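Colleague:
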Amino acid sequence: MNHFTKAFLISTILLGSQQTFADVVTEPVSTENQTIVRGRVLDADQQALPGAYIRLEDGSCTVSDVNGYYIMPNVKPGKHNVKVSYVGFTPMSFTITVSQNKTLVKNITLQDNSYLKEVTVLGAFSDQQRALNMQKNNLNITNIVSADQVGKFPDSNIGDALKRINGLSVQYDQGEARFGQIRGTSPDLSSVTVNGNRLPSAESDARNVQLDLIPADMIQTIEVSKVVTPDMDGDAIGGSVNLVTKNTPSKRITNFTFGTGGSFISGKPNWNLGATYGDRFLNNKLGLLLSASYQYNPIGSDNTEFEYDEDGGKVFLTDMEIRQYYVTRQRQSYSLALDYDFNANHKVFFKSIYNRRHDWENRYKRSFEDLADGEGEMKTVMETKGGTPDNKNARLELQQTMDFTLGGNHQFGRLKSDWSVAYSRASESRPNERYIGMELKDQTFTINQDDLRKPYVTTLPSIMEAKLDEITESNQEIYENDIKAKLDFELPILSGNFQNKFKFGGKFSKKDKKNDVDFYEYSPVDEDKFMADVQKNFVDQTRDGFMAGDQYKAGEFVSNTYLGSLDLNNSSLFEKKEVKEEEAENYNATEQVGAAYIRFDQQLGRNLQMMAGLRMEHTNVEYQGYEYTYWEEGDDEFESLKQTAPAGKSYINWLPSFLLKYEPAQDLKIRASYTKTLARPKYISLVPNLIIDRSKNEMEMGNPNLNPATSHNLDLSFDYYFKSIGLASVGVFYKKINDFIVEQVVEDYSFNGNVYDEMKQSKNAGNADLLGVEVALQRDFGFISPKLKCLGFYGTYTYTHTKVNNFNFEGRENEKDLPMPGSPEHTANASLYYDNKGVNIRLSYNFTSEFIDEMGSCAALDRYYDRVSYLDLNASYTLNKKFKTTFFAEATNLLNQPLRYYCGDKDRTMQVEYYGPRINAGVKINF
């Protein structure tokens, strides 16, 4: 049975069950209480206003959803005074008359207030207003960022946009943000969803989603929930990032974007194209939106890497690498949104997004191995990474993600029901990835360590004297398929100042994941002839102005075109050998999660809201991996590879939550909460793989008995919303994290009658306390002088302190005050802007402090992700003629901030990678 057949059957069952349940619930209820008021809140241009606050004189209230729709399902017949408020708009009051057992459709149009009109004649703050209103009226602690706000920063992908949000930091790959961290927790402890569905991961070893897959211009709203409610997935210790794709409009829209620019390393232009079309048909019952984005970006990086070891408390350099990267990154993204309104009470929708990223990469790596402390003899290898001509003679990494969701919103009397079925897939393909290495052994060398941050080898031997080290080719396929079905019910009971409601439902998800790699090593049949050909195809890859330092000379390498031209599968030219060790991490995995929840919301007077709820998640996992063994007998080498028996685990997590929201004044919101959340282990950590190298007396094994990390969370926040479109916020949070996971190295490990010098395995390493404070300020300077309304400031700062307790890590059990891996102590954003009469100029700064990325066998070998500081500048000018046209220019990474890791001590560099500043300019046209 294919996935779409399953999805259809599930949706049929859900629709049938919700109708049956609706009949049961609504049948005995008096019709007097079945009067419904619903509609949509719009601005003067008929654009939706999400987060609008609608209140009746009896105290009953509601908030419009992300598309501006609202519903009040329990209104008494008769006349009612209605008040509607929205930040940046003039409050509105009016009277409605509702009839018994009828549905009244009342659309509401709000007008900009006079202050906003004085600030800008182009409505540049409109999306910012929408985001702040949603954030203001949410019960839980959230940060909402609209598409317009994202567009005011020079961020090409969603990862770069996330770093602007309070409490978030990101990790980089090739100068672009890839993984997000929320409130000082590692990416493994948070979730990323699209339209409420968790995205599958194309990573072979982790659940993390590569955020640089998704262009920023494909997303309408970013919703960061730092406190999750029972109707949300519970795997979000740090929090949850929900990416809302573009919704159908209330009227026709057509947008085009064109941009170009470049990076200083590649010296080649980039291209950015985008288009959006949306409209309504069939007397406004059918909504349609199509969106597409294309980005072509030649980039690169200058890189040096170093490895260290420790003996008797002394840390010394063992290996060093000089790397030159040239990457061409191409993104394509397409989305489709449809909705159909049968009537005021029944609506169905379909939303989809497809993302595709090609990374063509050539890497030239010169490594210096077996370095002693001072002078001695070393081995140096010059390695070229590439691919076949079909892949531009480069290593192709093709990643794809897709999400298709069909759902509905229904009102059966007082009972509201929402359902959805979804299919998601993530995949990564690396076809014909090739490497060729040339080696020089027993080379005399000298290391210059005058600058401990930049040690280098002073001699550079000629590649003409080198011998063949190895030629390899591999093919890797990774995929994860997810099927999800969700059904929610909401039943109001009382109305007025003490209105309340029950919400309950369930969700089922099934994941199938596979990692499949085949790896081969090739030896030339006639090595002398082969080496003669190789020496004709050396290319000097030393780049002038190498940003890591002129003392690092990459030197000569086999050209990528020659590597791509090799006919490796011609048995008359090459002998082929399967490398089973590289295939030992292949696996198949199945994970099923069934969830059910109940939530009770209670209004306690006009100013206090309470929510209590409980979520249950039942997880069942089954993994199958491989066992690999290598050994030597005399001069002979032997290896074996066999599939392991399936290993599985089943467990239940109970996740209670309690939230309070108090409004002592209309624009002041105080929120407090207790929640419990979890984070499931990485895929590769659970796989029952076993890798044994008897020649080195070392082993590595998976751990299918890992427990998920869990956390008890306490949060308190104070938010004040300015009438002039802005926010001042302060919050404190505490997390008690249990069973967090790290990869450990165990010495003298006994296994099956043998004692191994070293064993690597992921383990539940203990518990941790996380305490944090976050502050944010967003407002213009009009409070100083009306002439300064066009100037403003946006700033955030988050402090987190973590401490590990009961540390279960061999050799480090007695260490005190250890921070938890993946937890930066400080993150900050600051932005100054000018926004007036179509001109927008913004200077933005982002900072994240250093943190432990991986724990070593001792503190001196801990791997740290170093602090980063980014400075970006962008400007735009908008003409509000017949067609709204915006010209923009932006420059990023003006400080040339490198990606840097260090080993224990800040001066002991492990990796430093420079990308250089990047520029972009273009035009956007809205019809």
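For the sequence shown, position 823 (counting from the first letter as 1) is numbered 928 according to my numbering, and the numbering increases by one without interruption.
Quick reminder that beta carbons are idealized off the backbone N, C-alpha and C, glycines included.
As the structure is a computational prediction, the values presented were derived from the model and not from experiment.
How long is the line joining the alpha carbons of residue 768 and residue 934, rounded to whole angstroms?
Modeller: As a first step, residue 768 must be located in the sequence shown, where it is residue number 663. As a first step, residue 934 must be located in the sequence shown, where it is residue number 829. Spanning the two alpha carbons is a distance of roughly 28 angstroms.
Colleague: Hey, how far is the Cα of residue 250 from the Cα of residue 173?
Modeller: Position 145 of the sequence shown, counted from the start, is the residue given in the question as residue 250. Position 68 of the sequence shown, counted from the start, is the residue given in the question as residue 173. Those two C-alpha atoms are separated by around 16 angstroms.
Colleague: Taking C-alpha atoms, which residue in 153, 182 and 181 lies nearest to residue 168?
Modeller: Walking along the sequence shown from the start, residue 168 turns up at place 63. Cα-wise, what sits closest to residue 168 is 153.
Colleague: Can you check the segment 842–903 for any beta strand (DSSP E) of at least 3 residues that lies completely inside it and give the ranges in chain order?
Modeller: The qualifying runs are 859–885.
Colleague: Does the beta-carbon of residue 689 have 16 or more other beta-carbons within 10 angstroms, so that it is buried, or is it exposed?
Modeller: Indexing the sequence shown from 1 puts residue 689 at position 584. Counting Cβ neighbours within 10 Å, residue 689 comes out buried, since at least 16 surround it.
Colleague: Within the segment 656–699, note down every full beta strand (DSSP E) run reaching 3 residues or more, in order along the chain.
Modeller: Segments of the beta strand (DSSP E) lying fully in the segment 656–699: 661–663 and 679–683.
Colleague: Based on DSSP bridge pairs, tell me the residues matched to residue 1017.
Modeller: Position 912 of the sequence shown holds residue 1017. Paired residues: 409 and 1005.
Colleague: Report yes if the C-beta of residue 140 is less than 7 angstroms from at least one heavy atom of the ligand ATP; otherwise report no.
Modeller: Inclusion of the ligand ATP in the displayed structure is not the case, the ligand content being empty and no account of it being possible.
Colleague: According to DSSP, residue 991 sits in a beta bridge with which residue or residues?
Modeller: On the sequence shown, position 886 is the one that residue 991 refers to. Residue 991 pairs with 983 and 1029.
Colleague: From residue 554 to residue 653, what distance separates their C-alpha atoms?
Modeller: On the sequence shown, residue 554 is found 449 positions in, with the first residue counted as 1. On the sequence shown, residue 653 is found 548 positions in, with the first residue counted as 1. Answer to the nearest angstrom: the Cα atoms are 15 angstroms apart.
Colleague: Could you compute how far the alpha carbon of residue 228 sits from the alpha carbon of residue 383?
Modeller: Here residue 228 refers to the residue found at position 123 when the sequence shown is read from its first residue. Here residue 383 refers to the residue found at position 278 when the sequence shown is read from its first residue. The predicted model places residue 228 with a pLDDT of 36, which falls under 50 and marks its position as unreliable, so this point remains unresolved.
Colleague: Going by beta carbon distance, what residues of the same chain come within less than 6 angstroms of residue 502, once the five residues before and after it are set aside?
Modeller: One-based indexing of the sequence shown puts residue 502 at position 397. Cβ within range, chain order: 464 and 535.
Colleague: With DSSP collapsed to three states, give me the class of residue 270.
Modeller: For this step, residue 270 is matched to residue 165 along the sequence shown. In this structure, residue 270 counts as coil in the three-state DSSP scheme.
Colleague: Under a Cβ-count criterion, where at least 16 other Cβ atoms within 10 Å of its own Cβ denotes burial, should residue 757 be classed as buried or exposed?
Modeller: Taking the first residue of the sequence shown as 1, we reach residue 757 at position 652. By the neighbour-count rule (16 or more Cβ atoms within 10 Å), residue 757 is not buried but exposed.
Colleague: Give me the DSSP bridge partner(s) of residue 726.
Modeller: Here residue 726 refers to the residue found at position 621 of the sequence shown. In the DSSP output, where bridge partners are listed per residue, residue 726 has 696 and 754.
Colleague: What is the DSSP secondary structure of residue 790, reduced to helix, strand or coil?
Modeller: Indexing the sequence shown from 1 puts residue 790 at position 685. Residue 790 falls in the helix class under three-state DSSP.
Colleague: I want to know whether the segment 879–894 touches the segment 845–863 - three or more CB-CB distances under 8 angstroms.
Modeller: Verdict: no, contact absent.
Colleague: Short of 6 angstroms in beta carbon distance, which residues of its chain neighbour residue 701, apart from the five on each side in sequence? Order them along the chain.
Modeller: Position 596 of the sequence shown, counted from the first residue, corresponds to residue 701. Same-chain partners within the cutoff: 611 and 721.
Colleague: Based on the DSSP secondary-structure assignment, which residues constitute the bridge partners of residue 166?
Modeller: Taking the sequence shown and counting its residues from 1, the one referred to as residue 166 is at position 61. Answer by DSSP bridge pairing, in chain order: 160.
Colleague: Report back the beta-carbon spacing between residue 429 and residue 399 to the nearest angstrom; my notes put them in contact at under 8 angstroms.
Modeller: In the sequence shown, residue 429 corresponds to position 324, counting from 1. In the sequence shown, residue 399 corresponds to position 294, counting from 1. Wrong, their Cβ atoms sit about 28 angstroms apart, outside the cutoff.
Colleague: How long is the line joining the alpha carbons of residue 604 and residue 920, rounded to whole angstroms?
Modeller: In the sequence shown, counting from the first residue as 1, residue 604 sits at position 499. In the sequence shown, counting from the first residue as 1, residue 920 sits at position 815. Near 53 angstroms, if we compare the C-alpha coordinates of residue 920 and residue 604.
Colleague: How about residue 969 and residue 1006: do their beta carbons lie closer than 8 angstroms?
Modeller: Walking along the sequence shown from the start, residue 969 turns up at place 864. Walking along the sequence shown from the start, residue 1006 turns up at place 901. Yes.
Colleague: I need the DSSP call for residue 830, collapsed to helix, strand or coil.
Modeller: Position 725 of the sequence shown, counted from the start, is the residue given in the question as residue 830. Looking at residue 830 - three-state DSSP - the assignment turns out to be coil, as it is neither helix nor strand.
Colleague: Give a yes or no on whether the C-beta atoms belonging to residue 786 and residue 842 are separated by under 8 angstroms.
Modeller: What you label residue 786 is simply residue 681 of the sequence shown in a count that begins at 1. What you label residue 842 is simply residue 737 of the sequence shown in a count that begins at 1. No, the pair does not count as a contact, with Cβ atoms beyond the cut-off.
Colleague: For my contact list, residue 472 and residue 485 are in at a C-beta cut-off of 8 angstroms; report their separation, rounded to the angstrom.
Modeller: Here residue 472 refers to the residue found at position 367 when the sequence shown is read from its first residue. Here residue 485 refers to the residue found at position 380 when the sequence shown is read from its first residue. Their Cβ separation, rounded to whole angstroms, is 7 angstroms, which keeps residue 472 and residue 485 in contact under 8 angstroms.
Colleague: For residue 100, which residues of its own chain have a beta-carbon under 8 angstroms away from its beta-carbon, when the five flanking residues on both sides are left out?
Modeller: Since the first and last residues shown for the chain are 106 and 1032, residue 100 lies out of range.
Colleague: Looking at chain C, is there any beta carbon in it that lies within less than 8 angstroms of the beta carbon of residue 337?
Modeller: No chain C appears in the structure shown, which is made up of a single protein chain.
Colleague: Tell me, to the nearest whole angstrom, how far the beta carbon of residue 203 is from that of residue 273; I am working on the premise that it is less than 8 angstroms.
Modeller: Looking up residue 203 in the sequence shown gives position 98. Looking up residue 273 in the sequence shown gives position 168. Not really, about 44 angstroms apart at Cβ, beyond 8 angstroms.
Colleague: Below 8 angstroms on the Cβ atoms is my guess for residue 155 versus residue 239; work out the distance and round it to an integer in Å.
Modeller: Numbered from 1 along the sequence shown, position 50 holds the residue referred to as residue 155. Numbered from 1 along the sequence shown, position 134 holds the residue referred to as residue 239. Yes, they are in contact, since the Cβ atoms of residue 155 and residue 239 sit about 5 angstroms apart, within 8 angstroms.
Colleague: Need the endpoints of the alpha helix (DSSP H) that residue 632 sits in, please.
Modeller: Counting from one through the sequence shown, the residue named residue 632 turns up at place 527. Residues 632–639.
Colleague: Identify which residue in 979, 944, 925 and 857 has its Cα closest to the Cα of residue 955.
Modeller: Within the sequence shown, the letter at position 850 stands for residue 955. Out of 979, 944, 925 and 857, 925 has the C-alpha closest to the C-alpha of residue 955.
Colleague: Who does residue 179 pair with in a DSSP beta bridge?
Modeller: Taking the sequence shown and counting its residues from 1, the one referred to as residue 179 is at position 74. Bridge partners of residue 179: none, in fact.
Colleague: Select from 590, 632, 524 and 315 the residue whose C-alpha is nearest the C-alpha of residue 512.
Modeller: In the sequence shown, counting from the first residue as 1, residue 512 sits at position 407. Considering only alpha carbons, the answer is 524.
Colleague: In this structure, does DSSP put residue 597 in helix, strand or coil?
Modeller: Along the sequence shown, one-based indexing puts residue 597 at 492. Residue state, collapsed to three classes: strand.
Colleague: By the 10 Å Cβ neighbour count, where 16 or more other Cβ atoms means buried, how is residue 651 classified, buried or exposed?
Modeller: In the sequence shown, the residue the question calls residue 651 occupies position 546. That one is buried.
Colleague: Take every Cβ of the segment 937–948, pair it with every Cβ of the segment 303–319, and state whether three or more of those distances are shorter than 8 angstroms.
Modeller: In short, these stretches do not touch, since the Cβ pair count stays below three.
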